[in-house]
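There are 2 protein chains.
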Amino acid sequence: MTVAASILSGDRRALARGLSTIEAGGPDAVALLDQVWKSTGRARRIGVTGPSGAGKSTLVAGLLGLLRAEGKTAGVIAVDPTSPFTGGALLGDRHRMTREASDDGVFVRSLASRGSVGGLARAAPASLDLLDAAGFDVLIIETVGVGQSEVEVAATADTVVVVLSPESGDAVQAMKAGLIEIADVLCVNKADREGADELVAALESMLDLKAGAPWRPPVVSTTGTESATPLLEGLESHAKFLEQEDRLQARRRIGMAARLRALVADLVAERLLASADELLATEASAIAAGERSVLHAAERVVEEIVK
Amino acid sequence: MTVAASILSGDRRALARGLSTIEAGGPDAVALLDQVWKSTGRARRIGVTGPSGAGKSTLVAGLLGLLRAEGKTAGVIAVDPTSPFTGGALLGDRHRMTREASDDGVFVRSLASRGSVGGLARAAPASLDLLDAAGFDVLIIETVGVGQSEVEVAATADTVVVVLSPESGDAVQAMKAGLIEIADVLCVNKADREGADELVAALESMLDLKAGAPWRPPVVSTTGTESATPLLEGLESHAKFLEQEDRLQARRRIGMAARLRALVADLVAERLLASADELLATEASAIAAGERSVLHAAERVVEEIVK
Chain A
53 MTVAASILSG DRRALARGLS TIEAGGPDAV ALLDQVWKST GRARRIGVTG
103 PSGAGKSTLV AGLLGLLRAE GKTAGVIAVD PTSPFTGGAL LGDRHRMTRE
153 ASDDGVFVRS LASRGSVGGL ARAAPASLDL LDAAGFDVLI IETVGVGQSE
203 VEVAATADTV VVVLSPESGD AVQAMKAGLI EIADVLCVNK ADREGADELV
253 AALESMLDLK AGAPWRPPVV STTGTESATP LLEGLESHAK FLEQEDRLQA
303 RRRIGMAARL RALVADLVAE RLLASADELL ATEASAIAAG ERSVLHAAER
353 VVEEIVK
Chain B
53 MTVAASILSG DRRALARGLS TIEAGGPDAV ALLDQVWKST GRARRIGVTG
103 PSGAGKSTLV AGLLGLLRAE GKTAGVIAVD PTSPFTGGAL LGDRHRMTRE
153 ASDDGVFVRS LASRGSVGGL ARAAPASLDL LDAAGFDVLI IETVGVGQSE
203 VEVAATADTV VVVLSPESGD AVQAMKAGLI EIADVLCVNK ADREGADELV
253 AALESMLDLK AGAPWRPPVV STTGTESATP LLEGLESHAK FLEQEDRLQA
303 RRRIGMAARL RALVADLVAE RLLASADELL ATEASAIAAG ERSVLHAAER
353 VVEEIVK
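Chains as they are written, first to last, in the working numbering: chain A, 53 to 359; chain B, 53 to 359.
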């Protein structure tokens, strides 16, 4: 049996191997994804993002418990920047999830972003595609919601949950990072702590400014693993919204077009730069000599390599 | 007098207009940077990054005070993600700096990243170039140290300061985000708070793992505006290190080559995608029909547009 066939038949070891292939990229990744492509698009994709310390991983663990209780299977991709000291994603935060990992209906994978913006944007959605093909009902992509690329990755989901905690001015941080803009569900976690009611009120006021949009994100309150139920309800209400008027299909169509475009941009640059070393060196000298700015030099290189 | 000439002569209003031109990009940005290019490369560039809440802006304000006391002029670019509610960079954090802004020897600019990774990486260093040409002695680029692109922007500086506070597990967050890796100076801010000594010890242990490198980042302790002096000393010690063995020039050469390459990659993709709409639409249909994966479709588009 091919790796692809094993993945489609539900073999978890094959899935783990397949994810490594996807992360490594290259022709093998393309071939593997092609073989399972027809089986993608069935799972519900949920993006969970928010500032570090908001309790995202704990909340996801709680959500997994509720989904399992409903008999649903779930796959999780957690994006951690690579630490140079471990050479891979740190597993600290993931430990809380490993209780669930012994359950065959749950699959958790940490994805190291390896410091490359393109790499993260390329590998994370493709990893979700593979989990999708493997037959999980729900897919969760968890990212730190501060960096642009991290936020963009979470925003590829069908439903985006932004998790905030009452501590440390999360509402202002979230506004700054453009998180409110991409939220389909706003989740105030650690809702038993001081300032939670104020945070909810602040979020509702922000949402009032956007009144009139077809979807108003519900603001739900949770306290970690103990009560992820309000979050699940928020997710279900957004799922119902998406079912109407072909909205889910439209959202996915737009997302896929953007993804294709980004991949093409990446590949085109890679391909054309591969043979431009000499040209780049010449222009670097001209920049250093003060003959022209780096912006001008870049345009000259582009003129040469794009016919 | 041209805008470029006015900027070079120290006209602050012309500088502000020039920065808007740079941020907008396009031919005007290229022309402007070309005209001032020979006057760049004189200022010392310092990148200040770290988790949100570590007190970066306050510390930068303190640093500005010390630099001014030494008679040095300074320009600051602060990168904030755009908030969809304000349509621009929020000014909250910047208010602390405005005390300095009435002083002609200090110039502070907030740069909205507008949600585009490429945009931020393009505009931030070019904005620094313009401040450089305007004659400031020291340039500071301040970014939130969590997202990949934000960290990369700070890392373009001659000296990178990573600011951490004893609260909320900053050491682990910093490790995860690869911040220790890029630090030339590690600054434990809010050093009067509980846990500061432990944080310093943890950082020193992490640095021990990298023993043998030509530069060991000093770990300095500060308490906001009150005592940025230890940070200034750390910066001076790194400056002395860079002066030896042509290190500053080597670092800048490598950084400029990377910057040129990234700009070319951006422009190439932009140029070739501009006329690929039909091709992209065809492939999007094939993806939706399950004929091929998005990775495969991207390769097909690239084959067509790269001759």
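Using N, Cα and C, we set each Cβ at its ideal position, and we do this for glycine too.
8 Å is my cut-off, CB to CB: does residue 150 of chain A come that close to chain B?
The residue you call residue 150 of chain A lines up with position 98 of the first sequence. Low confidence applies to residue 150 of chain A: its pLDDT is 47, below 50, so where it sits in the model is not reliable enough to give any reading.
Of the choices B:250, B:108, B:259 and B:71, whose alpha-carbon is the least far from that of residue 84 of chain B?
Indexing the second sequence from 1 puts residue 84 of chain B at position 32. Ranking B:250, B:108, B:259 and B:71 by Cα distance to residue 84 of chain B puts B:71 first.
Classify residue 320 of chain A as helix, strand or coil using the three-state DSSP reduction.
Looking up residue 320 of chain A in the first sequence gives position 268. Note: residue 320 of chain A maps to helix in three-state DSSP.
Could you check the C-alpha separation between residue 206 of chain A and residue 334 of chain A for me, to the nearest Å?
Numbered from 1 along the first sequence, position 154 holds the residue referred to as residue 206 of chain A. Numbered from 1 along the first sequence, position 282 holds the residue referred to as residue 334 of chain A. Rounded to whole angstroms, residue 206 of chain A to residue 334 of chain A spans 40 Å at the Cα level.
Taking DSSP's pairing of strands, which residues face residue 100 of chain A in a bridge?
Along the first sequence, one-based indexing puts residue 100 of chain A at 48. DSSP output for residue 100 of chain A lists A:194 and A:213 as bridge partner(s).
Taking only three categories from DSSP, how would you classify residue 127 of chain B?
As a first step, residue 127 of chain B is located in the second sequence; it is residue number 75 there, counting from the start. Note: residue 127 of chain B maps to strand in three-state DSSP.
Please report whether the beta-carbon of residue 264 of chain B lies at a distance below 8 Å from any beta-carbon of chain A.
For the purposes of this step, residue 264 of chain B is taken as residue 212 along the second sequence, with counting starting at 1. With 8 Å as the cut-off, residue 264 of chain B does not count as an interface residue toward chain A.
Within-8 Å CB hit, residue 103 of chain A to chain B
As a position in the first sequence, residue 103 of chain A is number 51, starting the count at 1. True, the Cβ-Cβ gap to chain B drops below 8 Å.
8 Å Cβ cutoff, residue 86 of chain A in contact with chain B
Here residue 86 of chain A is taken as the residue at index 34 of the first sequence, counted from 1. For residue 86 of chain A, the answer is yes, since a Cβ of chain B falls inside 8 Å of its Cβ.
Is the stretch 295 to 302 of chain A close to the stretch 317 to 333 of chain B, with three or more CB pairs under 8 Å?
no
Excluding the five sequence neighbours on either side, which residues of its own chain have a C-beta within less than 7 Å of the C-beta of residue 53 of chain B, listed in chain order?
Your numbering for residue 53 of chain B matches position 1 in the second sequence. Same-chain partners within the cutoff: there are none.
Since residue 80 of chain A contacts residue 345 of chain B with CB under 8 Å, what's their CB separation in whole angstroms?
On the first sequence, residue 80 of chain A is found 28 positions in, with the first residue counted as 1. On the second sequence, residue 345 of chain B is found 293 positions in, with the first residue counted as 1. No, residue 80 of chain A and residue 345 of chain B are not in contact; Cβ-Cβ is about 13 Å, not under 8 Å.
Under 8 Å, Cβ to Cβ, is there at least one residue of chain B near residue 112 of chain A?
As a working mapping, residue 112 of chain A is identified with position 60 in the first sequence. No, residue 112 of chain A does not count as interfacial toward chain B.
Write down the C-beta distance between residue 254 of chain B and residue 275 of chain B rounded to the nearest angstrom, noting that I regard them as a contact closer than 8 Å.
Mapped onto the second sequence, residue 254 of chain B falls at position 202. Mapped onto the second sequence, residue 275 of chain B falls at position 223. Actually they are not in contact, since the Cβ atoms of residue 254 of chain B and residue 275 of chain B sit about 19 Å apart, beyond 8 Å.
Helix, strand or coil for residue 159 of chain A per DSSP?
As a position in the first sequence, residue 159 of chain A is number 107, starting the count at 1. Residue state, collapsed to three classes: strand.
Out of A:185, A:78, A:270 and A:59, state which residue places its alpha-carbon closest to the alpha-carbon of residue 214 of chain A.
The residue given as residue 214 of chain A occupies position 162 in the first sequence. With distances taken between Cα atoms, residue 214 of chain A lies closest to A:270.
Note the first and the last residue of the continuous alpha helix (DSSP H) segment covering residue 85 of chain B.
As a position in the second sequence, residue 85 of chain B is number 33, starting the count at 1. Residue 85 of chain B -> alpha helix (DSSP H) spans 78 to 88.
In the DSSP assignment, find the unbroken beta strand (DSSP E) run with residue 358 of chain A in it and report its ends.
Looking up residue 358 of chain A in the first sequence gives position 306. It is not in any beta strand (DSSP E) - residue 358 of chain A carries neither H nor E in the DSSP assignment.
Report the residue from A:127, A:176 and A:284 whose alpha carbon sits nearest the alpha carbon of residue 64 of chain A.
Here residue 64 of chain A is taken as the residue at index 12 of the first sequence, counted from 1. Among A:127, A:176 and A:284, the Cα nearest to that of residue 64 of chain A is on A:127.
How many angstroms separate the CA atom of residue 125 of chain A from the CA atom of residue 191 of chain A?
One-based indexing of the first sequence puts residue 125 of chain A at position 73. One-based indexing of the first sequence puts residue 191 of chain A at position 139. Taking the straight line joining both Cα atoms gives about 9 Å.
Using 8 Å as the threshold, is the C-beta distance between residue 281 of chain A and residue 116 of chain A below it?
In the first sequence, residue 281 of chain A corresponds to position 229, counting from 1. In the first sequence, residue 116 of chain A corresponds to position 64, counting from 1. Going by C-beta atoms, residue 281 of chain A is not nearer than 8 Å to residue 116 of chain A.
With 16 other Cβ atoms within 10 Å as the buried cut-off, status of residue 177 of chain B:
Stepping through the second sequence from its first residue, residue 177 of chain B is reached at position 125. Looking at its Cβ environment, which holds 16 or more other Cβ atoms inside 10 Å, residue 177 of chain B is buried.
Minimum Cβ-Cβ distance from residue 120 of chain B to chain A less than 8 Å:
For the purposes of this step, residue 120 of chain B is taken as the residue at position 68 of the second sequence. It does not: the Cβ of residue 120 of chain B has no partner Cβ on chain A nearer than 8 Å.
Would residue 98 of chain B pass as an interface residue toward chain A - the criterion being a Cβ-Cβ separation below 8 Å?
Counting from 1 along the second sequence, the entry for residue 98 of chain B is found at position 46. By this cut-off, residue 98 of chain B is not an interface position.
Can the beta-carbon of residue 182 of chain A be found closer than 8 Å to that of residue 88 of chain A?
The residue given as residue 182 of chain A occupies position 130 in the first sequence. The residue given as residue 88 of chain A occupies position 36 in the first sequence. A contact, by the Cβ cut-off of 8 Å.
Starting from the C-beta of residue 60 of chain B, find all residues in its chain whose C-beta is less than 8 Å away, skip the five residues before and the five after it, and write them out in chain order.
As a working note, residue 60 of chain B is residue 8 in the second sequence. Counting only Cβ-Cβ distances below 8 Å, and skipping sequence neighbours, we find 88, 91, 185, 186 and 187.
If the criterion is Cβ atoms closer than 8 Å, does the pair residue 236 of chain B and residue 97 of chain B meet it?
Along the second sequence, one-based indexing puts residue 236 of chain B at 184. Along the second sequence, one-based indexing puts residue 97 of chain B at 45. Going by C-beta atoms, residue 236 of chain B is not nearer than 8 Å to residue 97 of chain B.
Closest Cα partner of residue 130 of chain B within the set B:279, B:314, B:159 and B:246
For the purposes of this step, residue 130 of chain B is taken as residue 78 along the second sequence, with counting starting at 1. Closest option to residue 130 of chain B, Cα to Cα, is B:159.
State the start and end residues of the unbroken beta strand (DSSP E) segment that holds residue 238 of chain B.
The residue you call residue 238 of chain B lines up with position 186 of the second sequence. Looking at the DSSP string, the run of the beta strand (DSSP E) that includes residue 238 of chain B is 237 to 240.
To which residues does DSSP link residue 273 of chain A through a beta bridge?
Translated into positions along the first sequence, residue 273 of chain A becomes position 221. Bridge partners of residue 273 of chain A: A:240.
DSSP three-state label for residue 336 of chain B, please.
Here residue 336 of chain B refers to the residue found at position 284 when the second sequence is read from its first residue. Looking at residue 336 of chain B - three-state DSSP - the assignment turns out to be helix.
Given that residue 160 of chain A touches chain B, what residues does it touch there, using C-beta distances under 7 Å?
In the first sequence, residue 160 of chain A corresponds to position 108, counting from 1. By Cβ distance, chain B contributes nothing, its closest Cβ being about 17 Å from residue 160 of chain A, past 7 Å.
Measuring only between beta-carbons, confirm whether residue 124 of chain A sits less than 8 Å from chain B.
Within the first sequence, the letter at position 72 stands for residue 124 of chain A. Chain B, which has no Cβ nearer than 8 Å to the Cβ of residue 124 of chain A, makes this no.
May I have the straight-line CA-CA distance separating residue 293 of chain B from residue 121 of chain B, to the nearest angstrom?
One-based indexing of the second sequence puts residue 293 of chain B at position 241. One-based indexing of the second sequence puts residue 121 of chain B at position 69. Their backbone Cα atoms lie some 24 Å apart in a straight line.
Does any C-beta atom of chain B lie closer than 8 Å to the C-beta of residue 267 of chain A?
The count along the first sequence starts at 1 and reaches residue 267 of chain A at position 215. Not an interface residue.
Would you mind stating whether residue 29 of chain B and residue 107 of chain B have Cβ atoms separated by less than 8 Å?
Since the first and last residues shown for chain B are 53 and 359, residue 29 of chain B lies out of range.
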